[in-house]
Amino acid sequence: MDSVLELARWQFGIVTVYHFLFVPLTVGLTMLVAVLETIWLRTKNPEWLRLTKFFAKLFLINFALGVVTGIVQEFQFGMTWSDYSRFVGDVFGAPLAIEALLAFFLESTFLGLWIFGWDKLPRALHNACMWIVHLGTLASSWFILAANSWMQHPVGYRFNEITGRAELTDFWAVMFNKVQLGTFPHVILAAYLTSAAFMIGILGWLYLRRPGENNAERPMYRRGMVLAAWIMVFSGAGVAVSGDIQGKIMTEVQPMKMAAAEALWETSESCAPFSILTIGTRDGKHEKWALEVPCVLSFLGTGTFDGKVEGIYDLQEKYRETYGSTPGETYYSPGDYTPNIPVTYWTFRWMMGLGVAGTLVGLAVLWLTRRGRTPTGLVARFLPALAISAPVMVLLGNSMGWIFTEMGRQPWVVFGVLTTAQGVSPGVEPWEVWMSLIGFTLLYAVLAVIEVGLLMKYVKKGPDPFVEPPSPTLRGSESDADEPMNFAY
Amino acid sequence: MELTTVWFCLIAVLWIGYFVLEGFDFGVGMLLPVLARDDRERRVMINTIGPVWDGNEVWLLTAIGATFAAFPEWYATLISGFYVPVFLILIALIVRGVAFEYRHQRPSATWAGWWDRAVIFGSYVPAFLWGVAFANIVRGVPIDADFEFTGTALSLLNPYGLLGGLVTMSLFVIHGALFIALKTDGEIRGRARALALRLGVAAVVLAVVFMFWTQALTGNLASAVLFVVAALALAGGLGAAYVGREGVAFTGTFIAIGLVVAGLFVGLFPDVMPSTTDFANSLTTTNAAASPYTLKLMTIVAAVFAPIVVGYQAWTYWIFRKRISIHNIPAGH
């Protein structure tokens with residue numbers, strides 16, 4: 004590993020995958036905390052306020068890392084991908100800037116109001132602040148996913164021969180790119196799935212961590228758990244449906260990625276099988292044994308069981324005719340338009356498998372608690388572990404999905420337009436990238452340990468006892484001048 | 189006015205917003221070991237910026253995002269060229285942001301102590317390096333015909349660059365001290381005001397030398413006017429602090445910092461990153477700009493949403509307008 008390109012790819016991958024561990028939790032938990040607070044306002048049942056504050060605390064611990072690792076993202080493109088930035092700034096920079104102006108200000112300001120505003124804002128307005136934060140996370144997701152979708156399927160631009168740059172010609176085409184229309188619901192629903200899995204993991208563990216003991220808190224845990232389970236089941240189903248739509252769009256605009264997802268070397272004229280597992284050679288070219296389901300790949304790609312799915316060899320030829328034989332001088336051998344097949348093959352499977360398995364935990368919880376039942380015996384013994392596995396699986400599934408979609412686009416950084424090798428910063432030295440690669444990775448690792456430690460501390464403690472929060476008016480009062488703040492750092 | 193000029197001005201406004209707002213956040217962080225005598229007072233200080241620091245930092249993200257969209261070449265050259273300082277600033281902002289949120293999460297003094305170090309480090313580093321970076325942008329850096337930065341990280345530490353770093357750092361210290369004086373009650377309030385006055389003279393001297401030097405490098409009539417008013421605002425602010433008018437004093441440093449940054453941008457225009465290798469290689473508002481379509485689109489978005497943002501951020505400051513004292517800090521965890 005001595006080329007800037009390879010180091011830069013590792014760095015970008017590590018920093019971005021790490022950042023995206025926090026993003027779906029942030030998007031989903033702002034929604035969940037807002038929902039919990041709204042339920043409390045409507046039912047006045049203290050349990051819901053306790054859950055609101057409990058999950059808000061866990062959310063904030065998580066959000067802190069999401070924010071600070073997000074700052075890096077704003078600079079990343081310029082640091083190690085300056086030629087990429089020059090080439091795409093006109094198209095890609097606009098959604099990024101709009102994201103900061105429309106979404107980041109909204110999130111940070113209203114979250115500050117929510118955290119510190121318990122004794123300053125009327126209750127309904129306080130709750131509205133969290134809804135606004137959630138709206139901010141959705142807006143943020145929209146713009147950044149539109150930018151990413153453009154990299155998968157560039158639309159609404161023209162190539163300026165004189166400046167050698169891509170120029171935006173139709174903003175709305177970029178905003179409503181068909182890839183974006185599949186990706187946005189997929190990512191947002193996966194975020195809801197993640198946060199609900201987080202909730203079910205924690206409440207499931209609290210609910211039955213000591214099965215034999217009498218625990219007065221159980222009804223509260225149970226209520227929260229069932230709410231989370233319903234959200235999981237619905238969002239999990241939505242993730243599957245939107246993912247299926249995405250697969251068909253991908254087959255159309257990036258057929259190589261679909262072929263790479265299945266490691267389909269030869270074109271299949273009809274009824275292409277989907278393999279659940281394959282044992283083969285390390286480069287993924289020859290299989291020794293595979294567990295296959297007939298015709299499923301055809302369905303995933305085309306919507307019919309006898310659809311034709313193009314294979315890697317044919318696509319490779321086709322791409323060579325379209326794009327010439329010199330795309331990626333440094334990293335990829337000339338004329339090689341094939342992504343890293345073992346990576347795409349396995350990440351595609353792990354993404355789906357982990358997502359489905361996580362969702363099944365939600366279904367299992369609904370089944371085990373149906374009609375007022377309480378799990379007993381062996382089930383009760385294993386339920387805490389099962390519950391905790393849900394967020395772990397879903398979080399890993401998210402990462403797998405992104406690794407798949409980004410690795411499957413290679414050797415392109417902007418599909419069909421600019422290769423990853425062309426995007427790297429020409430003036431940056433290998434030692435500089437080594438420095439930031441090691442620096443960020445070490446710091447992120449330390450922060451991850453600290454974060455998990457804090458989460459565990461608060462999860463073990465459970466929700467704090469109910470305290471009636473103040474019910475202020477916007478005018479405030481001077482009589483409480485020396486009162487302790489309701490929340491303080 | 190040309191759209192490229194409009195965007196040059198808007199980016200200047202975003203940086204001004206960033207420095208006048210996060211400037212006092214940095215000041216509070218740098219003064220944490222100086223002004224506070226115990227954990228309660230440290231918490232008072234941190235809580236003065238608690239609800240707002242994150243929103244203040246978004247001014248930076250918006251400035252960077254806007255530069256990416258409106259002047260892609262500037263974004264690419266600047267951030268890849270200043271790789272090492274950018275990396276250090278990012279590390280600093282990361283540990284500082286996490287520290288605010290995590291410091292109070294465990295009752296141990298050792299735990300809080302480490303996060304205090306993160307806040308202090310995370311405030312000093314950017315407060316200094318932003319000044320170094322801006323001074324170097326104004327002074328010019330080696331840039332080749334492909335708009336690639338050809339200097340090294342060490343070449344940024346020239347005398348003018350170092351002075352720039354000291355200026356932002358000292359201005360932010362004063363700005364932070366006056367913010368603490370304005371936003372707290374009790375002993376710390378008086379201590380903050382006294383410290384601002386004691387260090388104020390040094391800050392004025394550094395800032396005035398820096399403004400003269402800048403004026404000699406890139407100055408014109410407009411920047412001269414801005415610098416003179418900035419110096420007056422700074423002196424006036426310190427005078428107001430002396431007579432105990434904390435609000436006026438803070439407004440003084442607020443205006444002074446804003447005008448110093450404005451003066452830098454006025455002197456820079458129409459360049460955005462002059463080249464010392466060959467002036468023809470300089471990045472300008474024209475050759476670094478995005479297409480007219482993108483600029484027009486961004487102008488509409490900014491015209492609609494920027495006032496809304498300023499409105500709700502101002503509202504936040506109003507909601508949290510009350511002074512904080514040690515009596516407001518809840519005990520225990």
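Heads up: the sequence lines are chains A and B, in that order. Under the numbering used here, residue 492 is the last one in the first sequence; the count climbs by one each step, no gaps. Under the numbering used here, residue 521 is the last one in the second sequence; the count climbs by one each step, no gaps. Just so it is clear, CB atoms sit at the ideal spot from N, CA and C, and this is done for glycine as well.
Do the CB positions of B/Phe457 and B/Phe256 come within less than 9 Å of each other? no
Could you check if A/Pro378 is buried or exposed, using at least 16 other CB atoms within 10 Å of its CB as the buried criterion? buried
Residue nearest to A/Trp405 in terms of C-alpha spacing, selected from A/Val71, A/Asp86 and A/Ser152: A/Ser152
Buried/exposed call for A/Gly331, threshold 16 Cβ in 10 Å: In this predicted model, A/Gly331 has a pLDDT of only 46, less than 50, meaning its place in the structure is not dependable; the value taken from the coordinates is given anyway. Buried, because 16 or more other Cβ atoms sit within 10 Å of the Cβ of A/Gly331.
Roughly how many angstroms lie between the CA atoms of B/Thr265 and B/Ala333, to the nearest whole one? 12 Å
Does any residue of chain A have a CB that is nearer than 9 Å to the CB of B/Ala519? yes
May I have the straight-line CA-CA distance separating A/Tyr334 from A/Ala424, to the nearest angstrom? With a pLDDT of only 43 at A/Tyr334, under 50, the local geometry of the prediction cannot be trusted, and no value is derived from it.
Please tell me whether A/Leu171 and B/Ala478 are closer than 9 Å, where the distance is taken between their beta carbons. yes
Exposed or buried, what is A/His189 when buried is set at 16 or more other beta-carbons lying within 10 Å of its beta-carbon? buried
Check whether the Cβ of A/Glu50 lies closer than 9 Å to any Cβ atom in chain B. no
Compute every distance between the C-beta of A/Ala11 and the non-hydrogen atoms of the ligand COA, then say whether any falls below 8 Å. The ligand COA is absent from the structure shown, which contains no ligands of any kind.
B/Ile141: contacting residues in chain A (beta-carbon distance under 9 Å): Outside the displayed range of chain B (189 to 521) lies residue 141 of chain B, so it cannot be described from this structure.
Anything in the stretch 215-236 of chain B with a Cβ closer than 8 Å to a Cβ of chain A? List those residues in chain order, please. Arg231, Ile234 and Asn235
Is the shortest distance between the beta-carbon of A/Glu164 and the beta-carbons of chain E less than 9 Å? Here the protein chains are A and B, and chain E is not one of them.
For A/Trp437, name the three-state secondary structure that DSSP assigns. helix
Proximity test, Cβ basis, 9 Å: B/Met461 and chain A: no
For A/Arg45, does the count of other Cβ atoms within 10 angstroms reach 16, so buried, or fall short, so exposed? exposed
Beta-carbon within less than 8 Å of B/Lys484's beta-carbon, same chain only, minus the 5 sequence neighbours each way: which residues are those? Leu191
Cβ neighbour criterion (16 or more within 10 Å) applied to B/Arg225: exposed
From the beta carbon of A/Met488, is the nearest beta carbon of chain B less than 9 Å away? yes
Have a look at A/Gly120 and A/Pro466 and give me their C-alpha separation to the nearest angstrom. 20 Å
Cβ distance (whole Å) where B/Met486 is taken to contact B/Leu471 below 8 Å: Actually they do not touch by this definition, with Cβ atoms about 19 Å apart.
Between which two residues does the beta strand (DSSP E) holding A/Ile279 run? Phe277 to Gly283
So, is A/Asp173 buried or exposed, given that buried needs 16 or more other C-beta atoms within 10 angstroms? exposed
Of all the options A/Ile315, A/Thr362, A/Val359 and A/Gly361, which has the alpha carbon lying nearest to the alpha carbon of A/Tyr340? A/Ile315
Please report the straight-line C-alpha distance between A/Tyr210 and A/Thr372, rounded to a whole angstrom. 12 Å
With 9 Å set as the bound, which would you pick, yes or no: does the beta-carbon of B/Asn324 sit closer than that to a beta-carbon of chain A? no
How about the stretch 259-266 of chain A and the stretch 410-418 of chain A: do they share at least three Cβ pairs that are nearer than 8 Å? yes
Express the C-alpha separation of B/Ala490 and A/Val75 in angstroms, rounding to a whole number. 23 Å
Identify each residue in the stretch 118-144 of chain A for which the Cβ-Cβ distance to at least one residue of chain B is less than 8 Å, and report them in chain order. Ile118, Phe119, Gly120, Lys123 and Leu124
Kindly indicate which three-state DSSP category A/Val242 falls into: helix, strand or coil? helix
Under DSSP, the beta strand (DSSP E) around B/Lys371 begins and ends at which residues? Run containing B/Lys371: none in the beta strand (DSSP E); it sits in the alpha helix (DSSP H), Pro347 to Lys371.
Look up A/Arg168 in the DSSP assignment and give the residues it is bridged to. A/Asn163
Is the stretch 345-360 of chain B touching the stretch 247-263 of chain B, taking contact as three or more C-beta pairs under 8 Å? no
Measuring only between beta-carbons, confirm whether A/Ser88 sits less than 9 Å from chain B. yes
Chain A within 9 Å of B/Pro260, Cβ atoms only: yes
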